[in-house]
Amino acid sequence: MQFIQPDDKNTDDHTVVQITLPKPIAPGASVEFHIVFHDVLPKVVERTGYAHDFDMVGQWFPKVGVWWKNAWNCHQFHANTEFFADFGTFDVKITVPQNEIVGAGGDLVSSATNPDGTKTLTYHSEDVHDFSWTASPSFTVVEDSWTGSQGPVKIHLLISPGHESSSQRYIKAAKGSLQLFDEWYGPYPYDRLTMVDPPHGGADAGGMEYPTLITLGTGVHMPQGVLAPEVVTEHEFGHQYWYGMVATNEFEEAWLDEGINSYTEVKVMDALYGKNTSVLNFPFAQMGESGLQQIGYLADPAKDPISRFAWLFYNNNSYGGITYSKTATMLLTLEKVIGEDTLRQALHTYFMRYRFTHPTGEDFLKTIEEVSGKDLHWYFNQAVYGTQVLDYSLADAHSDPLKWWDAAAHDSKKSDKDEIYRTYVTVVRKGDFQFPVDLEVKFEDHTTATEHWDGQDRWVRYHYDRKTKIESAQIDAHNQITMDRDYFNNSYIEDANPRAAHKLRNIWVFASEWLSQLLAWLT
Amino acid sequence: MAESNRGTFFSGAGLVWKWQRLVWWLFFVCLIFGFYSTQEMTERASFLLNNSAAAQRLVNGFDFSSIVTLQQLPDSPLEIQGHTILHFSILFVILMLFATGGILAAYVLGEKPTTTAFFEAAGHHFWRLFRLLIYLVIVLLPIAGLAAATNAIYTHIEDTSISPYPADHVVEAAAIVILLLLIIVRVWFDMAQVIAVADDEKKMHRALRRAFTLFRHNFFSLLWLYLRVSIIEWLLFALGLHVWMFHLNPQSVVAAFLVSQLMILTWIGTRLWQRASEAIWYRNYQANHAAAPAWSPAPEPMYMPVAAPSPQQ
């Protein structure tokens, strides 16, 4: 038995152990391992450990590597990586004090009290690749159920003290997610979903996925307009599909679980809570999931490709922004190419075809191409395997009299209606990502011109000779190219509207004055 | 005392209303500083947004992701220039420190504050009030220590308690205590400022000592005088914020401007109300206790006329 470091040869890393058998296993034969191990839970960190009387027991047993592509795939534990394991059956006995309320990623088979004041709970779970559990005497149990295409699902919510007001928000988000995933992507085959709300001080255990058990997160005074409990519930539930059942390699292709899951988070949250209000919903400020993913991606869009191994990213921010948010915006932008319904159908096909297996990124992309019937290599090469940044800009738009030299003609009021104007509209590709764009030009006489540009060259210029002047010009009028780094330069409106700038100034002036007044309290 | 306090309370409001030029003057200076401190950001925002259809996201509502995106723009991000705002705020504080002498002189004298009288009194008392500001910062240090201790206690309770409530309750209780202490300190220093101006007290440590004795003997009376105006101030501010955030049409710029500026105006007005009430209270106190001042022994001739010449002179 020896520790190995397949990823970085760091000999101080003791997270992977290799066992050399005394003799080879013959074809068709098997070998049984009995592993005795001892855990000491840390104070909660990286989604596992204890906080007060709360225990979140995740990643707690030695996991067997995955025999995959004719080799053992077993990576070291890195700061940015999650996990990869094979499917199996878990029979787990948990002995805890009798006052503990336990939740686990399995069906409770039996419960027995012991003379020493403990109880032993036995759980059984099939077709899963991990098993986690939680215990606390302070949980309040909320039971609910939902019936989908494969029968009823029991929902167990274990809520921590002070968080009771979020119970129904969690439940509503979970049931909504179950319903839409069932309709859109495929059936949820398990008969249970355990949701764990970590207590005050145990937030590091929140926002994590395990098969049929997810951990959430809220606050004592969580405003209704901040949809954090809903977002985390949807996201971690989504992992039941993209990680739990479609069990991709999170070390090597983290985008396949976190990224696809972030995309479906946008779709589900927008459907449940409104396109522009699915993250923040106040009368004075709003934010939708699409916007959330966009700003996550745009924070640092060009350092790493989506396809990079998780532990090789430039830094943690790049890992998060690219893996989660760029993948989501990449798929949202793909909707413009193949259509939203087609992409949904592709995800359905991908899920049904690869559930309970370990597909790769290639499997995913090929499924999209197959369902859409389109060759999308040009897109995936840039968006998935490249670091190109997409930014198209409406560089110039103006109208001038066609006979500009004929002063007499356009000085005369009589001839105003007959004046022919030449309108120029110039679109520039500022980034290195090539993507087809649609241009919509509106004129003062309410006529419209539309153009489709393949976006290959650095710029394109259109001109129109009409008896009217330009009113506005806009590329991507329906805001479908979410990968566009700067959507403020996508349009030009002839009549300037300073309202947005004035709104911002109002806020800034007030903030400045208010700071002055606060400091003036000292005088 | 309650009866006379009520009189002082309304007299203070009357004085502020009567000489509202002071309120407007401070308000417009604050507004001009606010405009100047945000000018560069506004020009940049106008350049980015005025001709862009995407600006509608900020017009029809307030899309938070658009604001972040504006800040993330690669070529010319829209940066919030906090340092400029801070510089103008510090400038306003200096100006307020200067103006306080003139304001208090007007309120103590109860005579119309002409421009000449105002600026003479402001200049005459500036360094005294500046020294008081230094003392105030020193006095606030233990309160800052209390806030730090509260944070440590909060962290300890959070580590040991499964329920979030004990830690929250500690913070809430500490916040009330700290707020009360801040108010007490402010009233104490307000009275020291009044004494410095009304009695032309040159020694600020003596003004502080006299104000402390005065406040100690009239603790609830002075505290309530200040606190009830503060409550009105906070309620008006909360009301304004509520109207702005929840009831105004998101597209409205003018209404939002008016509401936000009304909040600042009432904030300045109520602060001057506190100062006017305190000045009147002291004037009345002097009149009632001329023969036997509350503090003893009297260190200097205490009832000298204020330094600021009256308009008749």
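Protein sequences appear in the order of chains A and B.
In this text, residue positions in the first sequence follow the working numbering: the first is 1, and each later residue adds one.
In this text, residue positions in the second sequence follow the working numbering: the first is 1001, and each later residue adds one.
In this text, a Cβ means the ideal position worked out from N, Cα and C, and glycines have one as well.
Just so it is clear, the structure is predicted and the values come from calculations on it, not from any experiment.
Judged by beta-carbon spacing, residue 77(A) lies beyond the 8 Å limit of residue 11(A), meaning their Cβ atoms are not closer than that value. Taking the Cα positions, residue 196(A) is about 39 Å away from residue 1073(B).
For a cut-off of 8 Å, the C-beta gap from residue 506(A) to residue 394(A) is around 28 Å, too long to register as a contact.
With respect to chain B, the C-beta atom of residue 458(A) has no partner C-beta closer than 8 Å.
Secondary structure of residue 518(A) (DSSP, three-state): helix. Within the stretch 1094-1121 of chain B, the residues whose Cβ lies closer than 8 Å to some Cβ of chain A are 1096, 1097 and 1100, listed in chain order. Contacts with chain B (Cβ-Cβ distance below 7 Å) from the stretch 27-49 of chain A involve no residue at all. Those residues of the stretch 383-411 of chain A placed with their C-beta closer than 7 Å to a C-beta in chain B do not exist. A Cβ of chain A is located within less than 8 Å of the beta carbon of residue 1136(B).
With contact defined as three or more Cβ pairs closer than 8 Å, the stretch 135-144 of chain A and the stretch 93-111 of chain A are in contact. Three or more pairs of CB atoms, one per stretch, sit closer than 8 Å, so the stretch 415-433 of chain A contacts the stretch 386-402 of chain A.
Taking each of 123(A), 126(A), 199(A) and 124(A) in turn and checking the Cα distance to residue 159(A), the smallest one comes out for 199(A).
CA-to-CA, the gap between residue 499(A) and residue 1253(B) works out to about 7 Å. The DSSP-derived three-state label of residue 264(A) is helix. Rounded to the nearest whole angstrom, the CA to CA distance from residue 420(A) to residue 470(A) is 12 Å. Straight across, the Cα-Cα distance linking residue 31(A) with residue 25(A) is about 7 Å. Shown in chain order are the members of the stretch 154-177 of chain A whose Cβ falls below 7 Å from a Cβ of chain B: 161 and 162.
For the pair residue 1175(B) and residue 437(A), the Cα-to-Cα distance works out to about 56 Å. For residue 426(A), the secondary structure class from DSSP, reduced to helix, strand or coil, is strand.
Note: residue 459(A) is bridge-paired with 428(A) in the DSSP secondary-structure output. Closer than 8 Å to the CB of residue 1150(B) there is not a single CB belonging to chain A. Residue pairing by DSSP places residue 465(A) opposite 422(A) in a beta bridge. At a cut-off of 8 Å between C-beta atoms, residue 1200(B) does not count as an interface residue with respect to chain A.
Using a 10 angstroms sphere on the CB of residue 314(A), the tally of other CB atoms stays under 16, which defines it as exposed.
In this chain, the alpha helix (DSSP H) harbouring residue 1142(B) covers 1115-1160. With a threshold of 8 Å between beta carbons, residue 480(A) makes no contact with chain B.
The C-beta of residue 55(A) has 16 or more other C-beta atoms within 10 Å across all chains shown, which makes the residue buried.
With respect to residue 211(A), residue 244(A) sits close: the two C-beta atoms are nearer than 8 Å.
One thing to note: residue 119(A) has its Cβ no nearer than 8 Å to the Cβ of residue 150(A). With a threshold of 8 Å between beta carbons, residue 1058(B) makes contact with chain A. Only those residues of the stretch 1040-1056 of chain B whose C-beta falls short of 7 Å from the nearest C-beta of chain A are listed: 1041, 1042, 1045, 1046, 1048, 1049, 1050, 1051, 1052, 1053, 1054 and 1055. Chain B places a beta carbon closer than 8 Å to that of residue 508(A), counting this residue as a contact.
With respect to chain B, the C-beta atom of residue 284(A) has a partner C-beta closer than 8 Å. Note on residue 115(A): under 16 other CB atoms within 10 angstroms of its CB, so exposed under the neighbour-count rule. Using a Cβ-Cβ cut-off of 8 Å, residue 1273(B) does not count as an interface residue toward chain A, since no Cβ of chain A sits closer than that to its own.
Collapsing the DSSP output to three states places residue 56(A) in a strand.
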